Each structure stands twice: as C-alpha cells, then as structure tokens.
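Student: To start, I am sharing the structure in question, which I have written as structure tokens.
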Amino acid sequence: MHSFFSSDNKNQRRKLNKENIVRLVFPSLSTGLGKVPIGEAVPVACNVIKEFLSKHKFNEHNNDDIGSVELILYDPDPNVLKAYETQLSQDIKETRLRLVNELFTDKMSFISGLESRKILEAIGPVLASEIKKAYSKPGIIIYVVSPNVSSTQSNPVIISESKKLLSDAYRSMFDAFLCIIRGEKYTPKGQEEKSKTESKEKPKSAFDVLMQGSRDSSSSTSKSSFGKKANKGFHWQNALLGYLENPEKYPDNEVYFYDNEFVIIWDKFPKAKKHFLVMPRRRINFIDELTSDDLQLIQTMKEKGEWVIERIKQEDPKLRFRMGFHTVPSMKQLHMHVISQDFISPTLKNKKHWNSFTTEFFKDPDEISKTLQENGKIHFDKDFYEELLKAPMKCHLCKKKMNTVPELREHLLKHWNNE
DNA sequence: GTTCTAGAAC
DNA sequence: GTTCTAGAAC
1 MHSFFSSDNK
11 NQRRKLNKEN
21 IVRLVFPSLS
31 TGLGKVPIGE
41 AVPVACNVIK
51 EFLSKHKFNE
61 HNNDDIGSVE
71 LILYDPDPNV
81 LKAYETQLSQ
91 DIKETRLRLV
101 NELFTDKMSF
111 ISGLESRKIL
121 EAIGPVLASE
131 IKKAYSKPGI
141 IIYVVSPNVS
151 STQSNPVIIS
161 ESKKLLSDAY
171 RSMFDAFLCI
181 IRGEKYTPKG
191 QEEKSKTESK
201 EKPKSAFDVL
211 MQGSRDSSSS
221 TSKSSFGKKA
231 NKGFHWQNAL
241 LGYLENPEKY
251 PDNEVYFYDN
261 EFVIIWDKFP
271 KAKKHFLVMP
281 RRRINFIDEL
291 TSDDLQLIQT
301 MKEKGEWVIE
311 RIKQEDPKLR
321 FRMGFHTVPS
331 MKQLHMHVIS
341 QDFISPTLKN
351 KKHWNSFTTE
361 FFKDPDEISK
371 TLQENGKIHF
381 DKDFYEELLK
391 APMKCHLCKK
401 KMNTVPELRE
411 HLLKHWNNE
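Quick note on numbering: UniProt numbering labels position 307 of the first sequence as 307, and the sequence is numbered without any gaps.
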C-alpha cells in the first residue's frame with residue numbers, strides 16, 4: 001500500500017477529522033492476471049468490503065476520529081465491475097462504496113510493465129495531480145496499486161486456497177488503511193514470526209547486486225568481493241557488463257534475448273513504454289572503438305533491433321520505434337537503444353533524458369555505418385554533443401517548445417491519445 | 001547511469 | 001508556498 005501523503009507527519013494526520021473524507025482507492029484483486037474466476041473472487045471481495053464498512057460506520061453521525069470514509073474500487077474490465085455491481089445490489093445500498101472503471105487509465109498507462117517498486121515511486125505524483133482535478137475537496141486519498149503480476153509467472157489457481165488468500169489480502173489492506181489514517185504503524189500479521197523463523201535474505205535482482213559493487217571481472221572467484229571494500233572497484237559505468245557474461249542468469253524481465261553474439265535487455269530505466277538495449281557480447285566499451293571491420297556487427301545489431309520491434313509491435317501495433325546510439329554514452333559496452341516513440345515513462349525525468357533521444361545526440365545505425373564506411377572510424381566531439389543535451393526541449397512530433405518536464409509529459413500523452 | 005536536495009522559478 | 005531543475009554525490 002502506498003500513501004502518497006506518506007511524508008505527512010503525525011500532526012498533519014491528526015488534523016484529519018470529520019470534515020475530511022478519507023478515500024481508499026483499490027483494485028479488484030486477482031480477477032485480472034491473477035486468473036481467479038470472477039464468480040469466485042467477487043463474492044469474496046464483497047464480503048470483506050461489507051464486513052469492513054459495517055464494522056467501521058464512521059460517518060458524519062458518530063464520534064470516530066477518522067472522518068468519513070469512502071471506498072473506491074477500480075478495475076479496467078467492465079465485466080469485473082458488472083459482477084461487483086450485481087453482487088452488491090443484492091444487499092444494502094452502500095453509498096460509501098463506489099465502483100470506477102476508467103480511473104485515470106490514461107494517466108496511469110505508463111506503469112504497465114514496470115516493476116512494483118518503480119510503480120510505487122512513480123504513481124504518487126501522477127495520482128496526486130489527477131486527484132486534485134477529480135475532487136474539489138480531495139481530503140486524504142490512499143491509493144492501492146495492484147500487484148505487478150507477470151503473465152509468465154501465473155500458476156494454476158486452486159480455488160479453495162485462493163479464496164482464503166484473497167480475503168486475507170483484502171483484510172490486511174483495510175487494516176493497513178486504518179493504520180495509515182490513524183497515524184499508527186502498520187505491522188502485517190504474522191510478520192514477527194516470519195522474521196524469526198525465516199531469516200532468509202531477500203533475493204536481490206541481478207542488477208541490484210551489480211550496483212552494489214559485487215562485480216569484479218578479474219577476480220570473480222573471490223567471495224570477499226561482496227564486502228564493502230570491493231565496492232570501491234565498482235562503478236555504475238560497468239552495470240551492463242554482467243549481462244554479457246551470464247545472460248542466462250537473469251530473469252525474462254531483464255534479459256529479453258541472448259545468443260552467442262548478442263544480448264538484448266530491457267532498459268532498467270525505460271524512457272518510453274518499450275525500451276531495449278541491444279549489445280554485442282564481444283567487449284567493445286565505446287563506439288569510437290569501432291572500425292570498418294565492424295560494419296557487419298552494426299548491421300546485425302540493426303537486424304536484431306528490427307526483430308525486437310517486429311515482435312513488440314505484434315503485442316501493440318500502435319507503437320512506433322527508433323533505434324540508435326548515444327554519441328556520448330554513459331555506460332561501458334557498446335549498446336544500441338531500441339525505444340518506442342511515445343516517450344511515456346515515469347523514468348524519463350529530465351531534459352537530458354529527452355534530448356538524448358530526440359536530438360542529434362541520438363544516431364541511427366545507418367549513420368554509424370555510413371561514417372564507418374567513409375572514415376573507417378567514429379569520433380563524436382564530446383563537448384559539442386553534451387551541449388545538445390542542454391538545449392531547450394522540443395516535441396519530437398510537432399516541434400513545439402516544451403518548458404518543463406511535466407508540460408512535456410502532458411503533451412506526449414496528448415499525442416499518444418491522438419488529441 | 002540514478003538519487004538527493006538546495007535554491008531558482010513561478 | 002509549491003514546483004521544478006540542476007548539480008553534487010554516489
């Protein structure tokens with residue numbers, strides 16, 4: 001659960017009282033990728049919702065210090081909502097529960113495919129601004145993001161078990177909600193036991209391990225390289241190298257493809273809905289190391305890029321792509337970006353990000369090949385190209401000048417929605 | 001490369 | 001007062 005008011009201190013929370021409406025916005029759990037049949041999941045959800053509402057009748061007529069509460073259940077699937085409507089209409093008329101279909105769907109579309117942590121980081125500011133528009137008196141709104149289930153991860157559903165899990169999930173969500181609005185600390189049930197019995201270390205993503213500096217290509221046998229001292233030898237510039245050596249060790253959502261010669265990864269901080277890096281496995285730190293002998297390499301990278309684009313377009317034909325190289329890359333190992341042209345992404349955060357994909361800073365593979373053919377080498381003037389990154393931002397589609405990143409974001413969304 | 005935050009811009 | 005950027009730190 002993520003409260004985007006989470007930075008509020010307790011005093012501010014105390015100010016919360018009857019005149020405020022506290023809204024919990026939450027998804028229908030498990031009816032999407034969770035694949036629990038609607039007919040099974042919806043009654044379970046409704047029972048817990050009704051249980052919660054009847055237990056906590058804090059509205060304008062009572063003395064609870066919490067204020068009025070409204071539950072807002074959202075789901076993009078109209079069939080799911082219909083099922084809730086039907087289920088709930090059999091009982092009381094409950095004005096404190098609202099069913100919402102297109103809840104900020106457009107604005108939230110950028111989160112698809114992001115890992116949960118990134119969603120949490122990104123969603124708060126967007127949501128806050130949307131809610132300001134949607135409600136004149138927004139009060140406090142706590143928004144629950146649905147678990148980021150990968151379709152490849154879903155296992156067969158055992159109905160009897162999933163029902164129990166589901167009601168537990170809703171209950172703990174409501175418990176956490178109450179704790180947050182009361183300014184109390186929320187401790188998930190059974191957490192203490194767990195930490196005693198299973199002191200198992202949380203699995204880290206390969207990237208995180210890398211970023212912590214465990215990697216040292218010359219002494220991979222040394223276990224002590226996990227110590228603090230080894231961090232000295234690690235730099236973020238090397239973050240891509242691990243993928244080259246052991247692409248098989250990474251999950252599907254990090255490494256998209258590999259063979260003996262190439263590795264294609266999902267960019268860890270995508271600057272658009274779809275953003276990949278195509279890398280040769282042969283060690284080439286930077287583009288200026290290329291010679292005319294590498295024309296075939298560039299050609300093959302381009303073909304790999306086209307192959308990825310083809311596949312992704314089958315999933316979403318609306319996407320357009322470009323591929324290319326940064327003239328002054330930050331990270332070691334030659335990598336070609338394959339990036340969709342929506343540029344809708346919470347990790348596109350600043351002018352430098354924008355200009356690095358939409359100015360001459362970004363070079364087509366064909367242009368690289370051409371230069372290699374003509375000159376036998378590649379050289380990009382660092383000062384010149386870095387200066388391009390500081391230029392005023394312009395929309396890549398309509399050339400309109402963009403003054404701030406939020407303005408750019410909004411503008412890009414309009415293009416995406418064909419407005 | 002990202003994160004963090006001071007202070008500029010509004 | 002709040003939003004946003006830019007530069008230092010990592």
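The beta carbon of each residue, even a glycine, is placed where N, CA and C say it ideally should be. The structure presented is a predicted model; accordingly, all values stated were derived computationally and were not measured.
1. Judging by CA-CA distance, which residue of Asp316, His337 and Leu319 is the nearest neighbour of Pro280?
2. Go through the stretch 24-63 residue by residue and report every complete run of the alpha helix (DSSP H) that reaches 4 residues or more, in order.
3. Helix, strand or coil: which one does DSSP assign to Lys302?
4. Kindly provide the ranges of any beta strand (DSSP E) runs that are 3 or more residues long and lie completely inside the UniProt domain "HIT" (241-348), ordered along the chain.
5. What are the start and end residues of the beta strand (DSSP E) that includes Arg98?
6. Give me the residue from Asn417, Asn238, Ser356 and Arg182 with the minimum Cα distance to Glu387.
7. Residue range of the alpha helix (DSSP H) that Val144 falls in?
8. I'd like to check one pair, Leu389 with Lys332: are the Cβ atoms closer than 7 Å?
9. Tell whether a beta-carbon distance below 7 Å holds between Leu99 and Leu73.
10. Out of Cys398, Glu367 and Val308, which one is the CA nearest neighbour of Lys274?
11. Assuming Phe174 contacts Ile142 under a Cβ cut-off of 8 Å, what Cβ separation, rounded to an integer in Å, is found between them?
12. So, with DSSP's three-state summary, where would you put Lys352?
13. Rounded C-beta distance between Asp272 and Ile339? I'm assuming under 8 Å.
14. Within a Cβ cutoff of 8 Å, which residues of the same chain sit near Phe262, ignoring the five residues on either side of it in sequence?
15. For Lys390, which three-state DSSP category applies?
16. Between the Cα of Thr291 and the Cα atoms of Leu29, Gln373 and Pro329, which residue gives the shortest distance?
17. Would you kindly report the start and end of the unbroken alpha helix (DSSP H) that includes Glu407?
18. Looking at the structure shown, is Glu85 part of a helix, part of a strand, or coil, going by DSSP?
19. Spatial neighbours of residue 420 within its chain, please: C-beta separation below 6 Å, excluding the five flanking residues on both sides.
20. Can you check whether the CB of Leu88 is closer than 7 Å to the CB of Asn101?
21. Helix, strand or coil for Leu73, going by three-state DSSP, please let me know.
22. Strictly by DSSP, which residues pair up with Phe362?
23. Cα separation between Pro78 and Arg311?
24. From the DSSP output, in three-state form, read off Ile378 for me.
25. Find out if the Cβ-Cβ distance for the pair Val48, Arg171 is shorter than 7 Å.
Tutor: According to the structure data:
1. Minimum Cα distance to Pro280 is reached at His337.
2. DSSP runs (the alpha helix (DSSP H)) wholly in the stretch 24-63: 38-55.
3. Three-state result, Lys302: helix.
4. DSSP runs (the beta strand (DSSP E)) wholly in the UniProt domain "HIT" (241-348): 255-258, 262-266, 275-280, 321-326 and 336-340.
5. Per DSSP, the unbroken beta strand (DSSP E) holding Arg98 starts and ends at Leu97 to Val100.
6. Out of Asn417, Asn238, Ser356 and Arg182, the CA that lies nearest to the CA of Glu387 is found in Ser356.
7. Premise fails: Val144 is in no alpha helix (DSSP H) and is neither H nor E.
8. In this structure, Leu389 does not lie closer than 7 Å to Lys332 by Cβ.
9. A contact, by the Cβ cut-off of 7 Å.
10. Residue Val308 is the option with its Cα nearest to Lys274.
11. Contact between Phe174 and Ile142 does not hold, since their C-beta atoms are separated by about 11 Å, which reaches or exceeds 8 Å.
12. Judged by DSSP in its simplified three-state form, Lys352 adopts helix.
13. The amino acid at residue 272 is misidentified as Asp; the sequence shows Ala. With a Cβ gap of about 5 Å, Ala272 and Ile339 count as contacting.
14. Cβ neighbours of Phe262 beyond the five flanking positions: Val278, Met279, Pro280, Arg281, Thr300, Met301 and Lys304.
15. Looking at Lys390 - three-state DSSP - the assignment turns out to be coil, as it is neither helix nor strand.
16. Nearest neighbour of Thr291 by Cα position, chosen from Leu29, Gln373 and Pro329, turns out to be Gln373.
17. It spans Val405 to Trp416 - the alpha helix (DSSP H) in which Glu407 sits, taken as one unbroken run.
18. Reduced to three states, the DSSP call for Glu85 is helix.
19. This structure cannot speak to residue 420, because the chain is shown only from 1 to 419.
20. Using a Cβ distance threshold of 7 Å, Asn101 and Leu88 do not count as a contacting pair.
21. Of the three classes helix, strand and coil, the one that applies to Leu73 here is strand, per DSSP.
22. DSSP output for Phe362 lists His326 as bridge partner(s).
23. If I take the Cα positions, the gap works out to 29 Å.
24. It is coil, neither helix nor strand.
25. Taking 7 Å as the Cβ cut-off, Val48 and Arg171 qualify as a contacting pair.
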